[in-house]
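Asker:
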Amino acid sequence: MSQTAATTTVPKLTKAPTGLALFFYRIGKSFQTPTPYLTIFGVALWLFTWWLLCEGLKVDRFDKIPGPVAVSKDLFSFTPFQGISIFTEEFYNHIMVSCRRIAIAFAIATGVGVPLGLFMGWSRRIRDYAFPILETLRPIPILAWVPLSILMFPGFEAPVIFLATLASLFVTALNTMLGVDSIDEEYFRAAGCLGSSNWDIFKNVVVPGALPFVFTGLQISIGVAWFSLVAAAMVSGDHGLGYLIVDSYMNNVTVPMVIGMITLGFIGWFTSILVRMLGNWLMQWHVKALALQGR
Amino acid sequence: MTDIAQPSTHAAAPVTPRRRSALQKLVQNQSLWRGILAIIVFLILWEIGARWDEWFGREWMIPGVGLIPPPTDVAAAWVEVLPKPGYWESWYSSFKRVLSGFLMAMLLGIPFGLMLAVNKYFRDVFLPPFEILRPIPPLAWVPASLIFWPTNEMSIAFITFLGAFFTIVINVLGGARNIDVRYLRAAQSMGASQWDLFSKIILPGTLPSIFTGAAVGMGITWEVVLAAEMISGGGTQGGGGLGFFIWNSYMGGSLEQIVVGMISVGIAGYLCSTAIRMIGDWYMPWKRLH
Amino acid sequence: MNVNTAIRSESAQPMTAQKNRGALSIRNVTKIYDPEGVNVMAVDNCSMEIAAGEVCMIVGPTGCGKTTLLNAIAGFHSITHGEILLDGEMLCGPGKPKADMGAERMVVFQHGALFPWKTLAENVAYGPIVQGVLPKKQALEKAREMLAEAGIGNVLDKYPGEVSSGMSRRAEIVRALINDPKVLLLDEPYRAMDALTKSIMHESLLETYDRTKVTIFFITHDLEEAIFLGDKVHVVTTRPCQLKKTVEVNIPRPRSYETQSSEEFRILMEEVNEAVHEEAIKAFQAGERELA
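Chains as they are written, first to last, in the working numbering: chain Z, 272 to 566; chain H, 545 to 834; chain R, 217 to 508.
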């Protein structure tokens, strides 16, 4: 009976990776699970199905819609067959116009909606007066406002921006108000004990306390703003991605139509991420607390 | 060790307050009266703003509001349009489209969402394409849909379906995944089968999210139906729907009817949301305690 | 070695209770809630006297209305009948059903109410800044000083969500004390903690009390905690809350953890337990959802 005790070498403890190294570490680790492979498979499957239906087999009716090959051919070429690629100025014009409208609408809606929501949440009186009006107007779908907005505002830009602002405003104000409601009563009491004036409470409890809900609302509201913008631009407009889609359809050039759709999706997603990142930056305490809870 | 403190000279006679009747509570509700006052003031301001140029001359027209028909004119137009069958046909058409698209979205969306939530491999494969398509606003699909589907009706139905589908799936997925894992463990330790887990824990646990998704999806459905009706002209066979009603009024220069249409759609949407909420309350009695 | 000798700063001096500073008088207080027209009597004709500088423990089953009493003293709720006096002045009573909230009656909450969006130091400095007592820079300096004294100097600039519950609860007490209150109101502050953290918190609180001699009104359901910390233990009945029995704790201060194994302690435990046990059974059988 040999007594060779296996000498196990205890691995030296290295520092936990941070920053960029952590990012790569996580990616590396995830590739050891089936998840990313399945993701790639899923996306590939979808692309393949799209290609198959629209270009490969040219199934009836599907063949009128451009497939991934046609779209990417145009998108990445210097002389796109149907007029729009990442190298044409027109493409970026449309994008800029849409983004500018969103920026204005979002800014106004947030600038008005957040204070309105904060006051409605904080003061029973203000809520009693303002909330019923909002709730009466809110069920009216944004698109029902299109003809009226054309009457109210001159030109093309103003009605479109008005519609996106309106949609965004409702969401922002409501979510902000809910945010204030969600603040635990005890924080108000603690602040009261500590000798705060009403304004102190507003600044130090209401505003920071509502922020998480406010940012959730802002993420939703930017999505809603895009939705309304596209709708409005389709109905009446002469620039922008919504217009691009409808115009291409009218002129029977389907590739820019699809390009427009994809671009819209991408920019919408991107702006939503921007809002979320802004929120995380402003709410360090929330992010850290969530991280420690393992979420 | 001391005993209870000596009774002091302030003898308190507790008074039991009378129960207020439901009507009394309604009438004494300050919030209600403030709300009513706010709406009345809003209507008055609207009336004044719209009629300003009538009373004081064209140069005084208030920008924005001045061109809108005042509430009294709108009310008159509404009364006028109520007996006309065309108006009610529009209601019917829109409702038909909304409900068919919405129901389809629920029928396909709830199972899809639950599958995504329950099976990791399914989720890994099908969630990424779903998430890529989701940010595209449903209305961006309209022209593609018009090209693809043979009839207007079907293309409208497809868009309606899309609009609600994404929302419902996301809500169902979120709700199912948020079910506290302890409920599942408790059930398993009591000998539940996979099907039991699904039907008795996951399904009821997801119900609140299903209803939230339904409520939001319903709102989107109305938006989409309206847009589709406005863009595609609503189809000339039978009623074009409320969206067409509004657009037509605009084209025909009948401003009061535009507002009538808007309010009608608002009411329609509100009725649908309330219906969903009431069904939700009925299905989920435990939620009422909140 | 006592934890507190390690953290006590050299400059701390034990103070004697200032006369007539923080004497609470609760007289025939009744509180009836009226949710939905069905009156709920939370407190029924409850009276107690708390001397200045005394540590008064309120013990009773959960949900019996003791928090309502604390809320009435702090000014969060109104009372239906009776009156509450602080140092002879009426806080609330006939003609004034709800007391004003004020920094002389500081509250430490059950689930902790440190503002999650401010660091520990900012939280503690909040009171003096907002009352205009100190400018911002000095308030923060004083906050840091007091936090260091309390033994949490190394996490001053962290958020409450990042530190342990023991640390944050201690910081909350410092936040209360920096305002030099007459009365410290504690609503089951250590309820959610494990026994080990709790024992450290007890020693910390005792040390703080020995230094400042502030009147303490402490609600708890933990009998050991009550006897270990308190001068007087008031046992209250289940809802509606009434004073049932008062037990005086004559163990001399400063107290240390060894006290808990003494004979005197055991006798007191038996006495309090007897009184509480009956109420606990009643509360259990009532089975109602606890009042907030």
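Glycine is no exception: its CB is placed at the ideal position from the N, C-alpha and C atoms.
What is the DSSP secondary structure of residue 464 of chain Z, counted as helix, strand or coil?
Answerer: The count along the first sequence starts at 1 and reaches residue 464 of chain Z at position 193. It is helical.
Asker: State yes or no: is the C-beta of residue 430 of chain Z within less than 8 Å of the C-beta of residue 420 of chain Z?
Answerer: Counting from one through the first sequence, the residue named residue 430 of chain Z turns up at place 159. Counting from one through the first sequence, the residue named residue 420 of chain Z turns up at place 149. Contact: yes.
Asker: Any residues in the segment 682-695 of chain H with a beta carbon nearer than 8 Å to a beta carbon of chain C? Which ones, in chain order?
Answerer: Going by chain labels, chain C is absent from the structure shown, which instead holds the protein chains Z, H and R.
Asker: In chain Z, what lies closer than 7 Å to residue 325 of chain R by C-beta?
Answerer: Counting from 1 along the third sequence, the entry for residue 325 of chain R is found at position 109. Result: 457 and 461.
Asker: CA-CA distance, residue 610 of chain H and residue 349 of chain Z?
Answerer: As a working note, residue 610 of chain H is residue 66 in the second sequence. As a working note, residue 349 of chain Z is residue 78 in the first sequence. C-alpha separation (whole angstroms): 50 Å.
Asker: Using a Cβ-Cβ cut-off of less than 7 Å, list which residues of the segment 747-771 of chain H approach chain Z; keep chain order.
Answerer: 766, 767, 770 and 771
Asker: Should residue 500 of chain Z go down as buried or exposed, given a rule of 16 or more other Cβ atoms within 10 Å for buried?
Answerer: Against the first sequence, residue 500 of chain Z aligns to sequence position 229. So residue 500 of chain Z counts as buried.
Asker: Determine, for residue 399 of chain Z, whether the minimum Cβ-Cβ distance to residues of chain H falls below 8 Å.
Answerer: Counting from 1 along the first sequence, the entry for residue 399 of chain Z is found at position 128. Yes, contact with chain H.
Asker: Decide if the segment 452-463 of chain R is in contact with the segment 422-432 of chain R; the criterion is three or more beta carbon pairs, one per stretch, under 8 Å apart.
Answerer: no
Asker: Does the pairing of the segment 459-471 of chain Z with the segment 315-328 of chain R give three or more beta-carbon distances under 8 Å?
Answerer: yes
Asker: Below 8 Å on C-beta distance, what does residue 548 of chain R contact in chain Z?
Answerer: In the structure as shown, chain R starts at 217 and stops at 508, and residue 548 of chain R therefore has no counterpart that could be examined.
Asker: List, in chain order, every chain Z residue whose beta-carbon is nearer than 9 Å to that of residue 629 of chain H.
Answerer: The residue you call residue 629 of chain H lines up with position 85 of the second sequence. Within chain Z, no residue comes near residue 629 of chain H; the closest Cβ sits about 22 Å away, beyond 9 Å.
Asker: Closest to residue 612 of chain H by C-alpha separation, out of Z:444, Z:417, Z:543 and Z:484, would be which residue?
Answerer: Taking the first residue of the second sequence as position 1, residue 612 of chain H is located at position 68. Checked all of Z:444, Z:417, Z:543 and Z:484; the closest Cα to residue 612 of chain H is Z:417.
Asker: Could you tell me whether any Cβ in chain H is nearer than 8 Å to the Cβ of residue 414 of chain Z?
Answerer: Mapped onto the first sequence, residue 414 of chain Z falls at position 143. It does: the Cβ of residue 414 of chain Z has a partner Cβ on chain H nearer than 8 Å.
Asker: Answer with buried or exposed for residue 522 of chain Z, where buried requires no fewer than 16 other C-beta atoms within 10 angstroms of its C-beta.
Answerer: Within the first sequence, residue 522 of chain Z is the residue found at index 251, counting from 1. So residue 522 of chain Z ends up on the exposed side.
Asker: Report yes if the C-beta distance between residue 488 of chain R and residue 443 of chain R is below 8 Å; otherwise report no.
Answerer: The count along the third sequence starts at 1 and reaches residue 488 of chain R at position 272. The count along the third sequence starts at 1 and reaches residue 443 of chain R at position 227. In this structure, the beta-carbon distance from residue 488 of chain R to residue 443 of chain R falls below 8 Å.
Asker: Can you give me the Cβ contacts of residue 529 of chain Z inside the same chain, cut-off strictly under 6 Å, excluding the 5 residues immediately before and after it?
Answerer: As a first step, residue 529 of chain Z must be located in the first sequence, where it is residue number 258. Hits under 6 Å: 337 and 342.
Asker: Secondary structure at residue 818 of chain H, three-state DSSP: helix, strand or coil?
Answerer: Here residue 818 of chain H refers to the residue found at position 274 when the second sequence is read from its first residue. Residue 818 of chain H falls in the helix class under three-state DSSP.
Asker: Would you give the residue range spanned by the alpha helix (DSSP H) that residue 795 of chain H belongs to?
Answerer: In the second sequence, counting from the first residue as 1, residue 795 of chain H sits at position 251. 786-795 is the span of the alpha helix (DSSP H), which, as asked, contains residue 795 of chain H.
Asker: Quick one, are the C-beta atoms of residue 579 of chain H and residue 410 of chain Z less than 8 Å apart?
Answerer: Numbered from its first residue, the second sequence carries residue 579 of chain H at position 35. Numbered from its first residue, the first sequence carries residue 410 of chain Z at position 139. Taking C-beta atoms as the reference points, residue 579 of chain H and residue 410 of chain Z fail to come closer than 8 Å.
Asker: Is residue 539 of chain Z close to chain H, meaning its C-beta is less than 8 Å from at least one C-beta of that chain?
Answerer: Position 268 of the first sequence, counted from the start, is the residue given in the question as residue 539 of chain Z. Output row for residue 539 of chain Z: interface = yes.
Asker: For residue 512 of chain Z, which of helix, strand or coil comes out of DSSP?
Answerer: The residue given as residue 512 of chain Z occupies position 241 in the first sequence. Note: residue 512 of chain Z maps to helix in three-state DSSP.
Asker: Report yes or no: do three or more beta-carbon pairs, one from the segment 447-460 of chain Z and one from the segment 386-404 of chain Z, lie closer than 8 Å?
Answerer: yes
Asker: Can the beta-carbon of residue 240 of chain R be found less than 8 Å from the beta-carbon of residue 322 of chain R?
Answerer: Numbered from 1 along the third sequence, position 24 holds the residue referred to as residue 240 of chain R. Numbered from 1 along the third sequence, position 106 holds the residue referred to as residue 322 of chain R. Result no, Cβ atoms of residue 240 of chain R and residue 322 of chain R do not sit closer than 8 Å.
Asker: Going straight from the alpha carbon of residue 475 of chain R to that of residue 483 of chain R, what length do you get?
Answerer: Translated into positions along the third sequence, residue 475 of chain R becomes position 259. Translated into positions along the third sequence, residue 483 of chain R becomes position 267. Straight-line Cα distance between these residues: approximately 12 Å.
Asker: Give the residues of chain Z in contact with residue 620 of chain H, contact being defined as C-beta atoms less than 7 Å apart.
Answerer: Position 76 of the second sequence, counted from the first residue, corresponds to residue 620 of chain H. Those within 7 Å of residue 620 of chain H in chain Z number zero; the least Cβ separation is about 18 Å.
Asker: Going along chain H in order, which residues have a C-beta closer than 9 Å to the C-beta of residue 525 of chain Z?
Answerer: Translated into positions along the first sequence, residue 525 of chain Z becomes position 254. Going along chain H in sequence order, the residues near residue 525 of chain Z (Cβ under 9 Å) are 687, 688 and 691.
Asker: Based on the DSSP secondary-structure assignment, which residues constitute the bridge partners of residue 448 of chain R?
Answerer: The sequence position of residue 448 of chain R within the third sequence is 232, counting from 1. Paired residues: R:272 and R:464.
Asker: Mind pulling the chain Z residues with CB within less than 9 Å of residue 290 of chain R?
Answerer: For the purposes of this step, residue 290 of chain R is taken as residue 74 along the third sequence, with counting starting at 1. Residues of chain Z passing the Cβ test: 460, 463 and 464.
Asker: Between the segment 538-549 of chain Z and the segment 672-683 of chain H, do at least 3 Cβ pairs fall closer than 8 Å?
Answerer: Judged by Cβ distances under 8 Å, the segment 538-549 of chain Z makes contact with the segment 672-683 of chain H, as three or more pairs qualify.
Asker: Using a Cβ cut-off of 8 Å (strictly closer), state whether residue 295 of chain R contacts chain Z.
Answerer: Here residue 295 of chain R refers to the residue found at position 79 of the third sequence. No - not a single Cβ of chain Z is within 8 Å of the one on residue 295 of chain R.
Asker: State yes or no: is the C-beta of residue 754 of chain H within less than 8 Å of the C-beta of residue 805 of chain H?
Answerer: Your numbering for residue 754 of chain H matches position 210 in the second sequence. Your numbering for residue 805 of chain H matches position 261 in the second sequence. No, the pair does not count as a contact, with Cβ atoms beyond the cut-off.
Asker: Where are the beta strand (DSSP E) runs, 3 residues long or more, that stay fully inside the segment 624-710 of chain H, in chain order?
Answerer: none
Asker: Which runs of the alpha helix (DSSP H) at least 4 residues long sit entirely within the segment 706-783 of chain H? Give them in chain order.
Answerer: 725-733 and 747-775
Asker: Kindly list, in the order they appear in chain Z, the residues whose Cβ is closer than 7 Å to that of residue 575 of chain H.
Answerer: Within the second sequence, residue 575 of chain H is the residue found at index 31, counting from 1. Ordered by position in chain Z, the residues that pass the 7 Å Cβ test against residue 575 of chain H are 399.
Asker: If you measure from the beta carbon of residue 531 of chain Z to each beta carbon in chain H, is any gap under 8 Å?
Answerer: For the purposes of this step, residue 531 of chain Z is taken as the residue at position 260 of the first sequence. Taking Cβ atoms only, chain H reaches closer than 8 Å to residue 531 of chain Z, which makes this a yes.
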